[in-house]
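What follows is a short report on a single structure.
In my numbering, the protein residues as written are 107 to 606.
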């Protein structure tokens with residue numbers, strides 16, 4: 107344990123959730139916090155930038171899936187908070203917010219002491235103005251220092267049915283008029299009930315932001331959800347620390363974390379504890395949960411349309427259009443049209459919440475579009491699927507300067523690499539080769555291989571895959587610069603067959 111300081115503030119950014127209502131831009135491997143808004147900034151970048159305005163920050167902790175943490179790492183490096191110490195907790199699977207917060211509490215206590223204050227921030231919120239956020243955090247810290255679990259309640263401005271609510275009870279002594287006992291939590295209400303909440307003045311929007319000491323939240327979790335607290339803590343104790351580019355990360359122990367019961371922190375803890383205080387604030391807040399909320403952030407033309415990209419509209423009203431290519435719309439009303447490289451969404455505004463059902467159906471069918479974009483980001487660069495058919499797939503691979511793919515093999519597919527530009531160093535079984543533009547190599551199934559870019563420019567190559575199975579999960583990693591290698595106890599039988 108280091109830097110024990112009872113006044114230390116450790117923001118904990120929770121970057122989980124698939125954002126299924128924002129498909130097709132949000133995908134499993136490129137979720138909502140990574141989405142770029144109309145101003146060119148992602149929600150996660152905005153979260154890190156807000157943290158930079160807070161005084162007394164000791165370290166920024168981000169909880170994120172291990173397969174996409176490099177996206178958060180790169181965003182943090184570009185943020186206003188980049189000079190602050192940071193660490194990443196890498197989840198092997200998603201287990202909801204109770205698990206993420208419990209694991210973070212163990213990590214924060216280990217590094218900064220039990221009394222360190224955690225500021226839990228979802229990665230997908232919009233908050234304005236910044237001054238109101240800073241003031242709200244200061245008020246929450248004062249309450250948290252008294253041992254309360256402080257939650258941020260936003261004064262509602264409309265009868266929203268897409269948010270949860272907190273009923274504020276009597277004021278807490280020594281906290282002034284800012285903090286009240288949280289009397290009860292209410293899930294997303296129907297419209298008429300939301301109207302009564304707004305009129306009463308006693309109900310606040312549940313922002314999902316919290317402030318408490320590591321000791322206080324751990325004690326209450328053990329009181330109300332001991333199994334979650336214990337398994338999450340064990341995943342930290344038995345986790346594996348990694349250091350890359352000066353940034354610390356902890357890969358949570360897979361067996362322990364997968365054993366954690368999946369439940370939100372509201373259900374597991376906040377609705378049960380008698381130590382919850384709600385801190386009232388008037389900041390402008392949105393969790394950007396659907397395309398309707400995204401469109402509300404944009405200016406509208408005279409017909410109520412909002413557009414990101416290029417569109418030509420005729421006799422069209424109250425539509426939201428987002429596309430990287432030209433869209434023409436004629437004689438339509440109240441539609442949301444979101445076009446990406448490989449998928450197109452057309453939905454009625456009144457059914458914005460139902461987009462998640464499309465994702466569920468894609469997942470049921472095993473369609474890649476629920477998980478990946480056509481261009482997929484990796485720690486070493488990107489790959490784009492250009493074309494695929496029965497027993498073949500063609501990719502464009504871009505490897506950043508100085509980066510390497512893992513030492514790996516595939517059981518079912520054979521690969522042909524053709525260098526388009528740049529320089530490639532290829533490890534192919536026992537052979538090592540340097541390839542330049544217009545040169546190629548062939549990698550049989552079952553053979554260990556690795557690709558490295560030793561140059562100062564991007565390496566671009568075309569990969570042609572052939573085989574009876576071309577899924578991205580056909581991979582065994584032996585060595586990896588990004589902590590993804592997990593040496594298998596034995597090779598899959600299919601590898602032995604392929605070698606033979």
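Beta carbons: idealized from backbone N, C-alpha and C, even for Gly.
With H, G and I counted as helix, E and B as strand and the rest as coil, what does DSSP make of residue i?
| i | result |
| --- | --- |
| residue 497 | coil |
| residue 131 | coil |
| residue 411 | coil |
| residue 525 | strand |
| residue 178 | helix |
| residue 342 | helix |
| residue 274 | strand |
| residue 124 | coil |
| residue 581 | coil |
| residue 383 | strand |
| residue 139 | helix |
| residue 604 | For residue 604, the predicted structure reports a pLDDT of 34, less than 50, and the residue's modelled location is therefore unreliable. A value from the coordinates is still provided. Correct three-state label for residue 604: helix. |
| residue 506 | coil |
| residue 324 | helix |
| residue 331 | coil |
| residue 546 | strand |
| residue 371 | helix |
| residue 360 | helix |
Is residue j closer than 9 Å to residue i when the C-beta atoms are compared?
| i | j | result |
| --- | --- | --- |
| residue 312 | residue 257 | yes |
| residue 182 | residue 166 | yes |
| residue 579 | residue 519 | no |
| residue 591 | residue 513 | yes |
| residue 196 | residue 354 | no |
| residue 319 | residue 221 | yes |
| residue 99 | residue 416 | This structure gives no information on residue 99, because the portion of the chain shown stretches from 107 to 606. |
| residue 388 | residue 260 | yes |
| residue 153 | residue 231 | yes |
| residue 341 | residue 209 | yes |
| residue 383 | residue 287 | yes |
| residue 324 | residue 185 | no |
| residue 439 | residue 425 | yes |
| residue 528 | residue 586 | no |
| residue 158 | residue 114 | no |
| residue 262 | residue 190 | no |
May I have the straight-line CA-CA distance separating residue i from residue j, to the nearest angstrom?
| i | j | result |
| --- | --- | --- |
| residue 205 | residue 546 | 47 Å |
| residue 134 | residue 273 | 34 Å |
| residue 303 | residue 461 | 27 Å |
| residue 525 | residue 559 | 11 Å |
| residue 352 | residue 392 | 33 Å |
| residue 485 | residue 588 | 7 Å |
| residue 449 | residue 476 | 10 Å |
| residue 145 | residue 552 | 46 Å |
| residue 478 | residue 544 | 29 Å |
| residue 489 | residue 225 | 36 Å |
| residue 531 | residue 508 | 11 Å |
| residue 177 | residue 137 | 10 Å |
| residue 265 | residue 481 | 39 Å |
| residue 453 | residue 269 | 21 Å |
| residue 369 | residue 533 | 45 Å |
| residue 418 | residue 455 | 20 Å |
| residue 561 | residue 506 | 9 Å |
| residue 217 | residue 246 | 22 Å |
| residue 516 | residue 583 | 9 Å |
| residue 251 | residue 223 | 8 Å |
| residue 539 | residue 235 | 56 Å |
| residue 335 | residue 496 | 47 Å |
| residue 399 | residue 143 | 12 Å |
| residue 412 | residue 219 | 49 Å |
| residue 91 | residue 283 | Since the first residue of the chain shown is 107 and the last is 606, residue 91 is not available in this structure. |
| residue 442 | residue 434 | 13 Å |
| residue 347 | residue 437 | 57 Å |
Pull up the CB-CB distance for residue i and residue j, whole angstroms please, since I reckon it's below 8 Å.
| i | j | result |
| --- | --- | --- |
| residue 381 | residue 577 | Actually they do not touch by this definition, with Cβ atoms about 48 Å apart. |
| residue 229 | residue 160 | Wrong, their Cβ atoms sit about 16 Å apart, outside the cutoff. |
| residue 326 | residue 375 | 6 Å |
| residue 504 | residue 492 | Not a contact, Cβ separation roughly 13 Å. |
| residue 295 | residue 271 | 7 Å |
| residue 156 | residue 207 | Actually they do not touch by this definition, with Cβ atoms about 19 Å apart. |
| residue 428 | residue 409 | Between residue 409 and residue 428 the Cβ distance is about 17 Å, and since that is not below 8 Å, they are no contact. |
| residue 567 | residue 511 | Not a contact, Cβ separation roughly 11 Å. |
| residue 194 | residue 255 | Actually they do not touch by this definition, with Cβ atoms about 24 Å apart. |
Counting only beta-carbon atoms, is residue i nearer than 9 Å to chain D?
| i | result |
| --- | --- |
| residue 205 | In the structure shown, chain D does not exist; there is a single protein chain. |
Which ranges does the alpha helix (DSSP H) cover as unbroken runs of at least 4 residues, wholly within the stretch 277–311, from first to last along the chain? 297–306
For a minimum of 4 consecutive residues, which ranges assigned as the alpha helix (DSSP H) are wholly contained in the stretch 419–481? 461–471
Every unbroken beta strand (DSSP E) within the stretch 145–217, with a cutoff of 3 residues, ordered by chain: 166–171, 192–197
Fully enclosed by the stretch 209–270, which beta strand (DSSP E) runs are 3 residues long or longer? 223–228, 232–234, 255–260
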